[in-house]
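A quick write-up on the structure given underneath.
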Amino acid sequence: MLYVKNKDLTVPGMLLAEGDYISEDGTHRETGKIYASLVGIVYLDRRKIRVVALNGKYIPKRGDSVIGIISDERFNGWRVDIDSPYNATLNQKDIRIGRYDSLKVGDVVYARIFKVSDIFETSLDAKRPYGKLDKGILIEIHSARVPRLIGRKGSMINMIKDKTGSTITVGQNGLVWIRGGNQELAAQACQMVDREAHIPGLTDRVSEFLNR
Amino acid sequence: MERIDGRAFDELRPIKIEAGVLKRADGSCYIEWGKNKVYAAVYGPKEVLPRHLERNDRAILRCRYNMAPFSVEDRKRPGPDRRAVEIGKVMSGALEPAILLHHYPRSMIEISVEVVQANAGTRCAGLTAVSVALADAGIPMRDIVPSCAAGKVEGQIVLDLAKEEDNEGEADVPVAIIPRLNQITLLQMDGKLSEKEVEDTVNLAIKGCNEVYKLQVDALKRKYEGAEYE
Amino acid sequence: MSEILPFIKKHHLVALAKEGKREDGRGLDEYRPLTIEANVVDKAEGSALVSLGGTTVMAGIKVDSGEPYSDTPNDGVMITGAELIPMASPEFESGPPGEEAVELARVVDRGIRESKVLDTAALCVTPGELVRLIFVDLHILDYDGNLIDACGIAAMTALASGKMPVLEEDGTPTEEYIDMPIQNIAVPCTFVKLDDVILLDPSLDEEKAQDSRLTISTEKDKNICAMQKSGSGGFTMEEITWSTKLSVAKGAELRKKIEEAIK
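Residue numbers (the numbering used here), protein chains in the order written: chain Z, 138 to 349; chain B, 1096 to 1325; chain A, 91 to 353.
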């Protein structure tokens, strides 16, 4: 028995379904019933039920590409702040830097998460095509809004890139690096998506904004 | 018996709840409950400091309750006093069973309640606001936790005591529940009640909690209405 | 988000500043949107809620009576305190005020005290024995840059709209209230220096990127009544003169907004 429709808004504790359903992300199961754990949107896929959070911190996932800030030096590497409850580690051997260069606290890197333990100890790999980021602009959006910024098959982010001529690198953790082209315009467009993701008609509004 | 402010015995004071009112906090809520004005904020999950408090199996909760110096009749010295420390502790106990802490090992959830105007029932107002702030922050919970007090004034069991009633009353019983689980997670009492009166008072408080719950859900829905995702 | 400002951000802010621009589109000498609300809490004898950009602070006045200081036996006493409560920022911790909170309270206090906002003689009840104690408490709710100006405006608004109880002969308060004896309006203007560019009303990131900070308080006759340089960099004489001139102009604008709010 389903108690919600696809794309309904949920709040924690809301009863979603009873019986032979599968509880996925954002839901929990108790005494044969499935409840929402978060404020979010419920998505139904046959018997699978998940709630996508409208808020919440980025939790590191293996394979994700993220942008991080060097926050501390470690023996043989660095600690990287990836705007998550969990810091990540980058070892010296996992990034190519010039012989006389090094990463300092305050530097920004684009990296791939290649390992996450079950208590979220996170390891980064920043070898090519990843690496240190220089110049340009760095902005932050909510990690929950990243899929919206990228868009279906990259439609949103490509539209912004085309209309501004900027290189835009979107970290799954919500940090976005913009370089070249009309940087300011690109940044504003990304922030618009972050602010207005919940208001329908976003794609048209962003397109209009970029055409001005 | 007429209550001082003309309410029925089972009537709540007017309550207004607004979710997401602060910029820096991960989740926040502002509540006006009768003449109480209270802010609640949540930071987290975040790194645990000091490190030695870290737990590998779940997140830890830290609750702070504080009254601004100008929130009461006689100025209160800044910083939590012993009463405030106790309230912080019972708040933790009220919320922990509702939060899915095991989702975030090695992390900490920091909760803050600041009372800027007080008129009895501040811990219930604070806890009610905190639950909304936790949901606003995207912290996974089994349910939202409402809180409400009932007590005895001039021989009658009444819901949600205002300050004048609290001062003159015979008992005050603040309560918080996890509605879905039928669990009472905050229960305190001061005063004097018979066994039967305790039961009646707690049941009345629970009735109040269920009404407050609807307002909490409504506040969250209002903030996130019309949200689209993909 | 990390509390460390990444180099990319700092360079970007400096590059913008050198072109006379800022991240949020403001000019170098512009304030962020400012809202001022007086009389927001009823247990305080005066109060104000101020939002300056994303920074929100609440000021509350509590009036009590007590012994005067021995060197000013016929004057009332004003005591200003500030609390950087954990709610306002991931960097604020519970506990007694650290040096940031203390400096904040003292700088706000200095502007108000030195311009004689309060007619302290009118706060005397029994000379040498009993005077009014005016407590100004600043409660920071949301920190997004420039606490000094937000707090200065909040404290000033709370005082200017404040009331105190009429006292009997022996000092017991009656149910009647009179206006706080206000004879001036002082406001701070805070600048930060980024490379060699001066910016008014720093945002959070601009504060993190700063080399140094300068606060100048002005009063209604356009005199300067308090100054404070903070941080580890320095200012040239020209920079100080420029900032002072701007403070007089901007101070007048802020004063007008406060007067609007307390009507």
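Backbone N, C-alpha and C fix where the C-beta goes; we use that ideal spot for every residue, glycine too.
Cβ-Cβ separation between E190 of chain A and H229 of chain A: approximately 15 Å, too far for a contact (criterion under 8 Å). If you compare the alpha carbons of A:I94, A:C315, A:I348, A:I126 with that of I219 of chain Z, the shortest gap goes to A:I94. Non-local beta-carbon contacts of D154 of chain A in its own chain, meaning distances under 6 Å to residues more than five positions away in sequence, involve L223 in chain order. Under the criterion of beta carbons closer than 8 Å, I278 of chain Z and P197 of chain Z do not qualify as touching, at roughly 17 Å.
A Cβ-Cβ separation of about 11 Å leaves T305 of chain A out of contact with G341 of chain A under the 8 Å criterion.
For the stretch 153-174 of chain A, residues whose beta-carbon sits nearer than 8 Å to a beta-carbon of chain B comprise D154, G171, E173. With respect to the C-alpha of G252 of chain A, the residue from A:I175, A:N129, A:I98, A:Y121 having the closest C-alpha is A:N129. The Cβ-Cβ distance between I315 of chain Z and A326 of chain Z does not fall below 7 Å.
Contact between Q1212 of chain B and K319 of chain A does not hold, since their C-beta atoms are separated by about 37 Å, which reaches or exceeds 8 Å. V1225 of chain B sits in a helix when the DSSP states are folded into three classes.
Straight across, the Cα-Cα distance linking P1192 of chain B with K1184 of chain B is about 14 Å.
Non-local beta-carbon contacts of V189 of chain Z in its own chain, meaning distances under 7 Å to residues more than five positions away in sequence, involve G163, G177, I178, Y180 in chain order. Under a 10 Å Cβ-count criterion, V1180 of chain B is classified as exposed, with fewer than 16 other Cβ atoms of the shown protein chains found around its own Cβ. Chain-order list of chain Z residues neighbouring K99 of chain A: L275, by C-beta distance under 7 Å. Taking 7 Å as the cut-off, the beta carbon of G200 of chain Z is found no closer than this to the beta carbon of V217 of chain Z. Taking CB atoms only, H102 of chain A has a neighbour in chain Z less than 7 Å away.
At a C-beta separation below 9 Å, K272 of chain Z has these neighbours in chain A: I98, H101, H102. Distances from the CA of T280 of chain A to each of A:E219, A:E296, A:N274, A:D269 were compared; the closest alpha carbon is that of A:E296.
Taking all protein chains shown into account, F212 of chain Z has fewer than 16 neighbouring C-beta atoms within 10 Å of its C-beta and is therefore exposed. Close to chain Z, meaning a Cβ-Cβ distance shorter than 7 Å, are the following residues of the stretch 1289-1312 of chain B: V1312. Beta-bridge pairing by DSSP links V147 of chain A to A:V140, A:I230. With respect to chain Z, the C-beta atom of A1215 of chain B has no partner C-beta closer than 7 Å. Boundaries of the beta strand (DSSP E) harbouring V253 of chain Z: 245-253, taken from the DSSP string. Per DSSP, reduced to three states, the secondary structure at Q1251 of chain B is strand.
For T326 of chain A, no alpha helix (DSSP H) segment is defined, and its DSSP state is neither H nor E. V192 of chain A is classed as exposed because its beta carbon has fewer than 16 other beta carbons within 10 Å across all chains shown.
Within its own chain, the residues whose Cβ lies closer than 6 Å to the Cβ of R282 of chain Z, once the five positions on either side in sequence are excluded, are D331, A334, listed in chain order. For D1313 of chain B, the enclosing alpha helix (DSSP H) stretches over residues 1290-1319. Below the 7 Å Cβ cutoff, chain B contributes no neighbours of Y121 of chain A, its closest Cβ being approximately 17 Å away.
Interface criterion met: the Cβ of M148 of chain A is under 7 Å from a Cβ in chain B.
With distances taken between CA atoms, K99 of chain A lies nearest to Z:D271 out of Z:G156, Z:D271, Z:M151, Z:L153. Straight through space, the alpha carbons of N1277 of chain B and V246 of chain Z are spaced by roughly 49 Å.
Secondary structure note for S202 of chain Z: its beta strand (DSSP E) is the uninterrupted segment 202-211. Distances from the alpha-carbon of N1214 of chain B to those of B:A1136, B:R1170, B:A1103, B:E1259 put B:E1259 closest. When the beta-carbon positions are compared, L1195 of chain B and P1235 of chain B come within less than 7 Å of each other. By the criterion of a C-beta distance shorter than 6 Å, A1163 of chain B is surrounded in its chain by V1211, once the five residues flanking it on both sides are discounted.
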